[in-house]
Ligand code: SF4
Ligand code: SF4
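Numbering (our numbering), first residue to last: 19 to 406.
Shown next as C-alpha cells:
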C-alpha cells in the first residue's frame, strides 16, 4: 500500500504514546533497534514520525534515513500493543518506507556509498544461485521430485545450505519414522524473503513464480515448511505477488509434527532429561500466531522440563537476524541474540530450543562470540531423541 494511503493512520492513529517500545502483556523492552541505538528514530514511534515527515515534506528522502529504517528487524513486536490500542500495525508503514527507499534508488545496491553493500551481494547471489548465500548445490535424497506424494517438505535455504547436517536430516528421519509419504523439490529456490525484507519486491517475483510452478508440477496438496520465514512468505507474500490464492494447504513443520504425535504415528517414549526454554521465532509467533504447537511437542517428551522466559509468545524478544539485519548489521544482530541468551540463561535452562533455523544459527553464532553454558537446538532434535 503506498505511503499516502497510510495518511490517516500516521496523522490520527499514531498518538506518539511510545507503547511500541514495550511488549504486549510483559511491558518489558521489546524493540531491539531502539534499545540498542537509543534514539526515538530507531523505535517504531520515531520511524512513524519520519514517515509523517516524508508525507508532509518536512523530511527528505535521503541516505540519512537508511540506518534508521534498515536496522528495523521486522520483528513485529511493536505491532502488538499498538494494534490493541489503535488498530494500527506500525511495521506495515515501516516496510513501505523501506520499499520506497529501494524504489527511489536511495537504498539501491547500485548506489555507491550506501551502507547496504551486503544487499548488493545478496542480489548477485540470487541472480546466480537463487539463494542469498551463493551456494550452488544441495544434498539430494531419494524423495526429491516424487510426484503424487501426500506432502511436500520445503526445506528452505537456511537448513539446506547453512546447517543441513543438523536438522533437515532430523526432520527427514522423523518423516520416515512416521512413514509419511513425502517429497522435496529437486530445484528448490529460496522463498525470496531476503529480497522482500530488504524492499526488492520486483526481484522476488521470479523466485516466487519458480517455486509455485515447481510445486504445482508435483501435484501435492500440502506443503510443510521447515523455516517459519518461508512459511510466512508463502502465506502472506506469495498470494499478493501472484494475485491468487496458494494452490495447496500450507503448514509449518512443528504443526505437522504435533499432528503426527496426536495421531500416534510418532510416539515419544524415551526420557530426555533436559531443562529447556523455548524461543518463539517472531515469524512463527507474532506473524503466524503459532505459539502452542512447539510447546505441546516439548511437553509430550518424557523427562523434559520446560521453563518459560519472562518475554514469551507475543512478548518474545527477537533473535536479531530479521529484516536483513544479519547481513547488513551483523554486530547489532549478535548484540540482540546475546540479550536473548541472557534471558534464556536466567531461567536456569541448559538448552534454548526453537523451531527456526535462522534463529538457531544466529544464537549459535552469538555463542561463538561470547562463550556461555547454554546450548541451542531445534525442537525436532529433542523429539527424535525421545523416539530413537
Ligand atoms: S506507533 Fe502505535 S504504539 Fe507507537 S507511538 Fe504510535 S500509536 Fe503509540
Ligand atoms: S519491527 Fe521490531 S525492530 Fe522494527 S520497530 Fe518494530 S519492534 Fe522495533
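A virtual CB, placed ideally from N, CA and C, is assigned to each residue, including glycine.
Rounded to the nearest angstrom, how far is the Cβ of residue i from that of residue j, given a contact under 8 angstroms?
i	j	result
residue 203	residue 232	5 angstroms
residue 352	residue 387	6 angstroms
residue 246	residue 299	5 angstroms
residue 394	residue 385	7 angstroms
residue 86	residue 219	Not quite, the Cβ-Cβ distance comes to about 21 angstroms (not below 8 angstroms), so this is no contact.
residue 50	residue 354	4 angstroms
residue 241	residue 201	Going by Cβ atoms, the distance from residue 241 to residue 201 rounds to 10 angstroms, so no, they are not a contact pair.
residue 137	residue 342	7 angstroms
residue 308	residue 272	7 angstroms
residue 31	residue 106	4 angstroms
residue 82	residue 304	Contact doesn't hold; Cβ gap of about 29 angstroms is too wide.
residue 88	residue 62	Actually they are not in contact, since the Cβ atoms of residue 88 and residue 62 sit about 14 angstroms apart, beyond 8 angstroms.
residue 236	residue 170	6 angstroms
Could you tell me if residue i is buried or exposed, where buried requires 16 or more neighbouring beta carbons within 10 angstroms of its beta carbon?
i	result
residue 217	buried
residue 297	buried
residue 33	exposed
residue 258	exposed
residue 310	exposed
residue 176	buried
residue 210	buried
residue 328	exposed
residue 122	exposed
residue 287	exposed
residue 194	exposed
residue 102	exposed
residue 24	buried
residue 45	exposed
residue 97	buried
residue 255	buried
residue 199	exposed
residue 29	exposed
residue 75	exposed
residue 244	buried
residue 19	exposed
residue 261	exposed
Figure out for me which residue from the options has the closest Cα to the Cα of residue i.
i	options	result
residue 21	108, 223, 139	108
residue 215	242, 250, 234, 194	250
residue 73	148, 26, 350	26
residue 284	319, 261, 291	319
residue 207	31, 49, 255, 150	150
residue 173	205, 198, 165	205
residue 7	301, 317, 305	Residue 7 cannot be examined here, being either before or after the span of the chain that is shown, 19 to 406.
residue 152	236, 257, 178, 167	178
residue 338	350, 327, 328	350
residue 159	219, 286, 99, 187	187
residue 289	64, 401, 140	401
residue 93	280, 365, 376, 105	376
residue 145	80, 57, 221, 99	221
residue 409	363, 106, 315	The structure shown does not extend to residue 409, since the chain is modelled only from 19 through 406, so no value can be given for it.
residue 392	403, 360, 84	360
residue 90	105, 79, 58, 77	58
residue 368	356, 340, 324	324
residue 390	399, 370, 95, 230	370
residue 70	345, 373, 115, 56	115
residue 147	405, 79, 228, 312	228
residue 340	169, 192, 374	374
residue 344	52, 140, 61, 55	140
residue 53	67, 357, 363	357
residue 347	110, 224, 84, 100	84
DSSP state of residue i, grouped into three classes?
i	result
residue 131	The predicted position of residue 131 is uncertain, since its pLDDT is 42 and thus under 50; a value taken from the coordinates is nonetheless stated next. DSSP places residue 131 in coil when its eight states are reduced to three.
residue 389	coil
residue 171	strand
residue 183	Low local confidence applies: a pLDDT of 45 at residue 183 is under 50, so the model's placement there is unreliable, with the coordinate-based value given in what follows. In this structure, residue 183 counts as helix in the three-state DSSP scheme.
residue 50	helix
residue 369	strand
residue 113	helix
residue 189	helix
residue 89	coil
residue 396	strand
residue 296	strand
residue 137	helix
residue 266	coil
residue 382	helix
residue 57	coil
residue 287	coil
residue 200	strand
residue 337	coil
Would you check whether ligand 4 has a heavy atom nearer than 7 angstroms to the C-beta of residue i?
i	result
residue 104	Of the ligands this structure carries, namely ligand 1 and ligand 2, none is ligand 4.
Hey, is residue i's beta-carbon within less than 8 angstroms of any beta-carbon in chain B?
i	result
residue 116	The structure shown has no chain B; it contains just one protein chain.
Mind the definition here: the stretch 259–266 touches the stretch 373–390 only if three or more C-beta pairs lie below 8 angstroms; say whether that holds. no
Is it the case that the stretch 38–54 contacts the stretch 333–348, given that we only count it when at least three CB pairs across the two stretches are under 8 angstroms? Short answer: they touch.
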